[in-house]
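Going line by line, the protein sequences match chains E and Y. Our numbering puts the first residue of the first sequence at 1, with every later residue one more than the last. Our numbering puts the first residue of the second sequence at 1, with every later residue one more than the last. In this text, a Cβ means the ideal position worked out from N, Cα and C, and glycines have one as well. Report on the structure given below.
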Amino acid sequence: MINQTATSIASTASADAHTPLTPDQLHQILHTMYRIRAFEEMVDQLFMRGLVHGTTHLSIGQEAVPAGAIAALRPDDYITSTHRGHGHCIAKGADLNLMTAELLGRETGYCRGRGGSMHIADVESGNLGANGIVGGGIPIATGVGLSIHMCGTDQVCLCFFGDGAANEGTFHESINLAAIWDLPVIYLCENNQYGMSMSVKRSMRVASVADRAAAYGIPGRSVDGNDVFAVYAAVAEAVARARRGAGPSLIEARTYRYKGHSKSDQNRYRTREEIAEWKRRDPIDRLARWLQEHQLATAEEIHQMEAAARQAIADAYAFAEASPQPDPAALLEGVYAQ
Amino acid sequence: MSIANATPQDTITASTPATVEMTYAEAVRETLRAEMRRDPRVFLMGEDIGIYGGAFGVTRGLIEEFGEERVRDTPISEAAIAGCAIGAALTGMRPVAEFQFSDFMAIAMDQIVNQGAKIRFMFGGKAKVPAVLRAPLGSGTGAAAQHSQSLEAWFAHVPGLKVVLPSTPADVKGLLTAAIRDDNLVIFLEHKLLYNTSGPVPTGDYIIPLGQSEVKRPGRDLTIVALSIMVPRALAAAKRLAAEGIEAEVVDPRTLRPLDAEPIIASVRKTGRVLIVHEAVETGGFGGEIAARIAASDAFYYLDAPIRRLAGAEVPIPYNPILERAAVPQEDDIVAAARALVRSTNWSGA
Chain E
1 MINQTATSIA STASADAHTP LTPDQLHQIL HTMYRIRAFE EMVDQLFMRG LVHGTTHLSI
61 GQEAVPAGAI AALRPDDYIT STHRGHGHCI AKGADLNLMT AELLGRETGY CRGRGGSMHI
121 ADVESGNLGA NGIVGGGIPI ATGVGLSIHM CGTDQVCLCF FGDGAANEGT FHESINLAAI
181 WDLPVIYLCE NNQYGMSMSV KRSMRVASVA DRAAAYGIPG RSVDGNDVFA VYAAVAEAVA
241 RARRGAGPSL IEARTYRYKG HSKSDQNRYR TREEIAEWKR RDPIDRLARW LQEHQLATAE
301 EIHQMEAAAR QAIADAYAFA EASPQPDPAA LLEGVYAQ
Chain Y
1 MSIANATPQD TITASTPATV EMTYAEAVRE TLRAEMRRDP RVFLMGEDIG IYGGAFGVTR
61 GLIEEFGEER VRDTPISEAA IAGCAIGAAL TGMRPVAEFQ FSDFMAIAMD QIVNQGAKIR
121 FMFGGKAKVP AVLRAPLGSG TGAAAQHSQS LEAWFAHVPG LKVVLPSTPA DVKGLLTAAI
181 RDDNLVIFLE HKLLYNTSGP VPTGDYIIPL GQSEVKRPGR DLTIVALSIM VPRALAAAKR
241 LAAEGIEAEV VDPRTLRPLD AEPIIASVRK TGRVLIVHEA VETGGFGGEI AARIAASDAF
301 YYLDAPIRRL AGAEVPIPYN PILERAAVPQ EDDIVAAARA LVRSTNWSGA
């Protein structure tokens, strides 16, 4: 078991220094963020028009977190996601057709229409699923880390969860367990300032979820979650640490969701001014502007990227709409493995 | 995967006996040992299962053979224990996690019921959770209300779980082997008072398929369906009843989910009278499910008396030993109930 002092954290941090993002990677990240934004806006429209069953939890405004974080992963790494997981899913390389079909409950969806928005998964590609229980994925991510450790590979598991989940008992149990066993898990908190309606100022005494890392003897960092560079840097460092067997890390990415918790949310708990203030720090605008300022993309290229994302989403919707509904005769399939 | 290759199974020769006498606890241990030798993906985790050997001594000696990578002591973190087992199973391992008392599984219910049981289905059948969660259940040790429950009905209610209650050392080996090799999340509940009971256990590779009931004792006068500790009590009662000329057929479902109801129904067709016995509290207990299956089958037309249940009283398990015994069916209670059932006349009389 490694007991990290402040100096030892600093010295190993330099050992985990990452290579900076290349222009290609930055284009890919912006492309991912446009796809997430376009997808979420489509889903928002579908719900407003009453075309989708159930509810959904949109991540508009939070795109830099999954895009920046997953840029630091390899394809053979795992993620566990949350109820607000469309962005994680897209950043992990999901097929938009299969995602959209799942939201429309079709047989061609990732989960054959059985899961819906909160349970989209693609286990084969390492996406171990969205989760309808706040904090529900955190112990599972710990188990994935254990699996990796026992198999002796240098894969990692990136565990997404929110500020609300940081107050669930599973957060405490799971991170402690990963810490004592030095498991290769990166616990990434998307702190969007609110659980459902409860502000983080009211739901915890510490200023940052990352402050809790000290309780488990692991490194903790808080970053601007709307800055892809900051997110990438923190996650890449944690990934390097995990790959060399030094154990888990806790990262808080401070961000904000423009839309309500779910489709029923009337936003009574926050002000228009607050939402407007955060929109001024929009992660997509920031990266688009940065690329242009550094001559790594033209306004036209960026415009095309956004248009391409919208087209991909439109195509995905057409695919989903044309897909068959599941057959009720197959109701009992998939409960048990033979 | 770079896990060391499993050592080969015990060699069976002509001089290997067909069965070996061992305790129920030893049967658990030897099955865990055999499966860990056979498959490097099988590992154990739980509280105090390492050097301590487990609260009931079940895992004693295993850490010495397999080391602390494969016999993992955990902190007291039931939700993480369950979730960690589920996450490991989801990504290629085959964990067997121990809960020190089955009552503590209540702490892990989200991971068991909302996660592990449902992952395969929610993911469109494209994932599997091959894990076993095993725990001691039941009363009689003076551990009182929070350490003595029989909550198998909770788990039997959840699609996606399999639920097993072995009653003999041989059944332990056969069913635990099957459970570990099953690609689903299996809840394996061992009665505390059975740990020190002995019986013959087949040597070699021995599997009892999950979802297979067994007639433990044939008879023609009444059917006694018994779970877990009630199986030996029912068998002892059957011996006494035989002296009175009452031949009881004792059926042990062994697996509650999936339930193999046909042998139970066939037995009731034959005897016309059925007594269902379990330690779990009567209301909402699994006996109600068995009763409903019987009543809904053609065995209904063969019933000579209403279906009778003998089960735990509607009370948490008390500390006082007299009260503790009174709270659950004992052998005397089974004898009395069976006698009354056999002597009751059709419809009109008591």
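- Return the first residue and the last residue of the alpha helix (DSSP H) that Y:T177 is part of. Along the second sequence, one-based indexing puts residue 177 of chain Y at 177. Where Y:T177 is concerned, the enclosing alpha helix (DSSP H) stretches over P169 to R181.
- Message: Give me the residue from E:R49, E:Q266 and E:I175 with the minimum Cα distance to E:G247.
- Response: Mapped onto the first sequence, residue 247 of chain E falls at position 247. When the alpha-carbon of E:G247 is set against those of E:R49, E:Q266 and E:I175, the nearest one is in E:I175.
- Inspect the CB distances between the segment 177-184 of chain E and the segment 125-140 of chain Y and report whether three or more fall short of 8 angstroms. no
- Query: Using the beta-carbon of each residue, which ones in chain E are nearer than 7 angstroms to Y:L256?
  - Reply: To locate residue 256 of chain Y, count along the second sequence from 1; it is residue 256. Under the 7 angstroms cutoff, chain E gives no residues; its nearest Cβ is about 14 angstroms from Y:L256.
- Do you know offhand how far Y:F121's Cα is from E:G116's? Taking the first residue of the second sequence as position 1, residue 121 of chain Y is located at position 121. Taking the first residue of the first sequence as position 1, residue 116 of chain E is located at position 116. Rounded to the nearest angstrom, the gap between the Cα atoms of Y:F121 and E:G116 is 11 angstroms.
- Message: Please state whether the Cβ-Cβ distance between E:P219 and E:S249 is less than 7 angstroms.
- Response: Along the first sequence, read from residue 1 onward, the residue named residue 219 of chain E stands at position 219. Along the first sequence, read from residue 1 onward, the residue named residue 249 of chain E stands at position 249. In this structure, E:S249 lies closer than 7 angstroms to E:P219 by Cβ.
- Task: Output the distance between the C-alpha atoms of E:L331 and E:Y110, rounded to the nearest integer angstrom.
- Result: Here residue 331 of chain E is taken as the residue at index 331 of the first sequence, counted from 1. Here residue 110 of chain E is taken as the residue at index 110 of the first sequence, counted from 1. Just so you know, the alpha carbons of E:L331 and E:Y110 end up roughly 16 angstroms apart.
- Item | Neighbour list for E:N176 in chain Y, Cβ cutoff strictly below 9 angstroms | Sequence index remark: in the first sequence, residue 176 of chain E carries index 176 (1-based). Within chain Y, the residues near E:N176 are P75, S77 and A80.
- Task: May I have a chain-ordered list of the alpha helix (DSSP H) segments no shorter than 4 residues that lie completely inside the segment 71-116 of chain E?
- Result: 86-91 and 96-103
- DSSP bridge partner residues for E:Y187 (one or two, in chain order): Here the question's residue 187 of chain E lines up with position 187 in the first sequence. For E:Y187, which the question treats as bridged, DSSP gives the partners E:C159 and E:L250.
- Express the C-alpha separation of E:Y258 and E:E273 in angstroms, rounding to a whole number. By one-based count along the first sequence, residue 273 of chain E stands at place 273. By one-based count along the first sequence, residue 258 of chain E stands at place 258. For E:E273 and E:Y258, the gap between their C-alpha atoms comes out near 12 angstroms.
- With 7 angstroms as the threshold, decide whether the Cβ of E:H119 is near any Cβ in chain Y. The residue labelled residue 119 of chain E in the question sits at position 119 within the first sequence. Closer than 7 angstroms to some Cβ of chain Y, the Cβ of E:H119 qualifies, so yes.
- Message: Just to confirm, is the Cβ distance from E:L287 to E:V228 under 7 angstroms?
- Response: As a first step, residue 287 of chain E must be located in the first sequence, where it is residue number 287. As a first step, residue 228 of chain E must be located in the first sequence, where it is residue number 228. Against a cut-off of 7 angstroms, the Cβ pair of E:V228 and E:L287 comes out as a contact.
- Task: Taking E:R205 as part of the alpha helix (DSSP H), name the residues at either end of that continuous run.
- Result: By one-based count along the first sequence, residue 205 of chain E stands at place 205. Premise fails: E:R205 is in no alpha helix (DSSP H) and is neither H nor E.
- Pick helix, strand or coil for E:H294, following the three-state DSSP scheme. Sequence index remark: in the first sequence, residue 294 of chain E carries index 294 (1-based). Here E:H294 sits in coil by DSSP.
- Item | Buried or exposed (CB count within 10 angstroms, at least 16 for buried), E:P139 | For this step, residue 139 of chain E is matched to residue 139 along the first sequence. It is buried - the Cβ of E:P139 has at least 16 other Cβ atoms within 10 Å.
- Are the beta-carbon atoms of Y:E286 and Y:A156 separated by less than 7 angstroms? Here residue 286 of chain Y refers to the residue found at position 286 of the second sequence. Here residue 156 of chain Y refers to the residue found at position 156 of the second sequence. First, the residue type needs correcting, since residue 286 of chain Y is Phe and not Glu in the sequence shown. In contact: Y:F286 and Y:A156 (Cβ atoms closer than 7 angstroms).
- Task: Kindly list the residues whose CB is nearer than 6 angstroms to the CB of E:G61, restricted to its own chain and excluding five residues on each side of it in sequence; keep chain order.
- Result: As a working note, residue 61 of chain E is residue 61 in the first sequence. Counting only Cβ-Cβ distances below 6 angstroms, and skipping sequence neighbours, we find Y256, R257 and Y258.
- Give the C-beta separation of E:N191 and E:V206 to the nearest angstrom, bearing in mind that I take them to be a contact with Cβ-Cβ under 8 angstroms. On the first sequence, position 191 is the one that residue 191 of chain E refers to. On the first sequence, position 206 is the one that residue 206 of chain E refers to. Rounded, the Cβ-Cβ distance is 11 angstroms, inconsistent with contact.
- Is the beta carbon of E:A72 less than 7 angstroms from the beta carbon of E:V239? For this step, residue 72 of chain E is matched to residue 72 along the first sequence. For this step, residue 239 of chain E is matched to residue 239 along the first sequence. Closer than 7 angstroms, so yes.
- Query: So, are the CB atoms of Y:F99 and Y:A131 less than 7 angstroms apart?
  - Reply: Taking the second sequence and counting its residues from 1, one reaches residue 99 of chain Y at position 99. Taking the second sequence and counting its residues from 1, one reaches residue 131 of chain Y at position 131. Taking a C-beta distance under 7 angstroms as the contact criterion, Y:F99 and Y:A131 do not qualify as a contact pair.
- Task: Could you tell me which residues DSSP pairs with E:N127 in its beta bridges?
- Result: As a position in the first sequence, residue 127 of chain E is number 127, starting the count at 1. When beta bridges are read from the DSSP output, E:N127 appears opposite E:I79 and E:D122.
- Through-space distance from E:R221 to E:A214, alpha-carbon basis: Working through the first sequence from its first residue, we reach residue 214 of chain E at position 214. Working through the first sequence from its first residue, we reach residue 221 of chain E at position 221. Those two C-alpha atoms are separated by around 11 angstroms.
- Query: How should E:H83 be labelled, buried or exposed, when 16 other C-beta atoms within 10 angstroms of its C-beta is the threshold for buried?
  - Reply: By 1-based counting over the first sequence, the position of residue 83 of chain E is 83. E:H83 is buried by the Cβ-count criterion.
- If you count every other CB in all the chains shown that lies within 10 Å of the CB of Y:M323, and 16 or more means buried, which is it? In the second sequence, the residue the question calls residue 323 of chain Y occupies position 323. The residue asked about is misnamed: residue 323 of chain Y is Leu in this sequence, not Met. By the 16-neighbour rule on beta-carbons within 10 angstroms, Y:L323 is exposed.
- Cβ of Y:S213 within 7 angstroms of Cβ of Y:D260? One-based indexing of the second sequence puts residue 213 of chain Y at position 213. One-based indexing of the second sequence puts residue 260 of chain Y at position 260. Taking 7 angstroms as the cut-off, the beta carbon of Y:S213 is found closer than this to the beta carbon of Y:D260.
- Among Y:G245, Y:P200 and Y:R33, which has the Cα closest to the Cα of Y:D371? Since the first and last residues shown for chain Y are 1 and 350, residue 371 of chain Y lies out of range.
- Task: Check each candidate in Y:F43, Y:V163 and Y:P202 and name the one with the smallest Cα separation from Y:D171.
- Result: On the second sequence, position 171 is the one that residue 171 of chain Y refers to. Checked all of Y:F43, Y:V163 and Y:P202; the closest Cα to Y:D171 is Y:P202.
- chain B contact residues for Y:P253, given Cβ-Cβ distances below 7 angstroms: Although the question refers to chain B, the structure presented lacks it and instead comprises the protein chains E and Y.
- Query: Tell me, which residues are paired with Y:I276 by DSSP?
  - Reply: Within the second sequence, residue 276 of chain Y is the residue found at index 276, counting from 1. Beta-bridge pairing links Y:I276 to Y:V225 and Y:R309.
- Item | Alpha-carbon spacing of Y:H191 relative to Y:I229, whole angstroms | Counting from 1 along the second sequence, the entry for residue 191 of chain Y is found at position 191. Counting from 1 along the second sequence, the entry for residue 229 of chain Y is found at position 229. Taking the straight line joining both Cα atoms gives about 6 angstroms.
- Message: Rounding to the nearest angstrom, what Cα-Cα distance links E:E102 and E:M118 in this structure?
- Response: Translated into positions along the first sequence, residue 102 of chain E becomes position 102. Translated into positions along the first sequence, residue 118 of chain E becomes position 118. For E:E102 and E:M118, the gap between their C-alpha atoms comes out near 10 angstroms.
- Task: Give the straight-line distance between the Cα atoms of E:A94 and Y:A25, rounded to the nearest whole angstrom.
- Result: Indexing the first sequence from 1 puts residue 94 of chain E at position 94. Indexing the second sequence from 1 puts residue 25 of chain Y at position 25. The straight-line gap from Cα to Cα measures roughly 47 angstroms.
- Report the three-state DSSP secondary structure of Y:L235 (helix, strand or coil). Taking the first residue of the second sequence as position 1, residue 235 of chain Y is located at position 235. Reduced to three states, the DSSP call for Y:L235 is helix.
- Using a beta-carbon distance cut-off of less than 7 angstroms, what residues from the segment 129-160 of chain E approach chain Y? Sequence-ordered contacts of the segment 129-160 of chain E with chain Y read G129, I133, G136, P139, I140, A141, T142, G143, V144, L146, S147, M150, C151 and G152 [C-beta pairs closer than 7 angstroms].
- Query: Should Y:Y52 go down as buried or exposed, given a rule of 16 or more other Cβ atoms within 10 Å for buried?
  - Reply: Position 52 of the second sequence, counted from the start, is the residue given in the question as residue 52 of chain Y. Exposed is the call here.
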